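Notes follow once the structure below has been shown.
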Amino acid sequence: MAIFKNDTQNSRQSETIIGSSVKVEGNFVGEGNVIIKGQLQGTLKTKNNVNIGPTAKVKANIEAQDIFLAGELHGNIKALGKLQIMSSAKIFGNFETQSLTVEAGASINGKCTMGSEALASEKIEKVK
Amino acid sequence: MYTFIVESDINNKKFEPELAKIENRLIELDIRGRWEKLTILKSLSETIKDAIQSKSETIVLVGTDKLINNAISTLAEFKTTIGIIPLGEQTFIAQSLGIPHGISACDTLSARITSSLDLGKVNNRYFLSALHVPDCRTLTLNCDNQFQVSTVTPSTIDISNFSEAGNPHDGKLEVIVRPQIEKSLFSFMKKPSYSKKSVFPFKKLTIRSGGDSLPIMADGETIIKTPATIEVVPKRVKIIVGKKRSFK
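Protein chains in written order, with the numbering used here: chain U, 56 to 183; chain H, 10 to 257.
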């Protein structure tokens, strides 16, 4: 999985890493890539990509370009590009994406809206 | 005109031959100016202010990171260009800026590649490169009034402008939370692992410790204690940098 390069390169490019030794609470709005290995509670919105590692425990709504999910997520996902769900992933929430890949063994509990339908339903909601 | 300020620890017999070589090389490169050698009785801040009043356009700091850290708060108040000739031990700031140690730094001065860099400000005191908070047990970081970071295990905290992470042109600083590695009998055989580290870019950060106040250190010296507010001041200083700097 090559959404992200190694840690050193990521930190030089001013990216966010939530390690397994910290707990983050609140509304995170950023522009760079975000790597989650620890705990996050709140909301997360970035113009770039999000990588949720196998050790991560996330209770948040997430909006990003591409999302790679291998950990546990309680919340809704909006991937403007690709969503990749790995075998270790557990999702409790709905997700919207343009492109979806799911590995065998992943646990998904929620509604999936894809491609143009996701954008159409969003427009209807905005009109309402 | 240049003003060269020599750190008091460098102003001794051990460094005399190297200082003489540097002075000769600068003459060869047609870089001339006034030399100010600091002593216990000569204040760094006053020396800088005197140099600026004498219309010195470039102030060159000759010495270690300690001199740079002590000078930066005064220099940040003026629009003078800063040069560095690293001499002595602990010259990591110059290294990150791509400035070679000793006499070779004269050629970097001569090439005069200038860069406007962000500065960090901690409770009204400026810093250029990094801050360090050792041995934090219960610590809360509030980033940009948006989210809070709490440490789950004992950790060390580094605030970086460009020393390890970050870019001094992006208008942000980085806070790096590193869990302390448990020491065991065979720990010396293992490579240090930073896979658990956390990195958060920020513009404004408030550090609060749960129990007693913790020291916030720059270059091994405590400059302030928690609670503290740290913020970035974009493009505050103009520095002569080398080609091999650690940022673009």
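C-beta: ideal position from N, C-alpha, C; glycine also.
Computed from a predicted structure; not experimentally measured.
| Query | Result |
| --- | --- |
| Nearest-angstrom Cβ-Cβ length linking F171 (chain H) and F256 (chain H), presumed shorter than 8 Å | 5 Å |
| Which of helix, strand or coil DSSP assigns to K212 (chain H) | coil |
| Boundaries (first-last residue) of the alpha helix (DSSP H) holding K75 (chain H) | D74 to L84 |
| Short-range partners of chain U found in the stretch 133-159 of chain H, where Cβ spacing is below 7 Å | Q155, F156, Q157, V158 and S159 |
| Residues near R34 (chain H) in its chain [Cβ-Cβ closer than 6 Å; skip 5 each side] | I112 and C115 |
| Interface flag, V84 (chain U) vs chain H, CB-CB below 8 Å | yes |
| Members of the stretch 71-82 of chain U near chain H, C-beta cut-off 7 Å | T71, I72, I73, G74, S75, S76, V77, K78, V79, E80, G81 and N82 |
| Residue nearest to R217 (chain H) in terms of C-alpha spacing, selected from H:L150, H:Q62, H:P210 and H:E66 | H:L150 |
| Outcome for I90 (chain U) when other beta-carbon atoms lying within 10 angstroms are tallied against a minimum of 16 | buried |
| Span separating the alpha-carbon of V242 (chain H) from that of K130 (chain H) | 7 Å |
| Whole-angstrom C-beta distance between I31 (chain H) and I94 (chain H), which should lie under 8 Å | 6 Å |
| DSSP beta-bridge partners of A134 (chain U) | U:A119 and U:T152 |
| Terminal residues of the alpha helix (DSSP H) in which E70 (chain U) lies | Note, E70 (chain U): premise wrong, no alpha helix (DSSP H); not H, not E. |
| Outcome for K206 (chain H) when other beta-carbon atoms lying within 10 angstroms are tallied against a minimum of 16 | buried |
| Cβ pair I248 (chain H), L128 (chain H) closer than 8 Å | no |
| Coarse secondary structure for D18 (chain H), derived from DSSP in three states | coil |
| Presumed contact (8 Å Cβ cut-off) between D273 (chain H) and T100 (chain H), rounded CB distance | Absent from the structure is residue 273 (chain H), since the part of chain H shown begins at 10 and ends at 257. |
| Contact the stretch 144-153 of chain U vs the stretch 161-168 of chain U: 3+ CB pairs below 8 Å | yes |
| Proximity of G137 (chain H) and I168 (chain H) at Cβ, strictly below 8 Å | What sits at residue 137 (chain H) in the sequence shown is Leu, not Gly. Result no, Cβ atoms of L137 (chain H) and I168 (chain H) do not sit closer than 8 Å. |
| Among H:P188, H:W44, H:R121 and H:A227, the one whose alpha carbon lies nearest that of S82 (chain H) | H:A227 |
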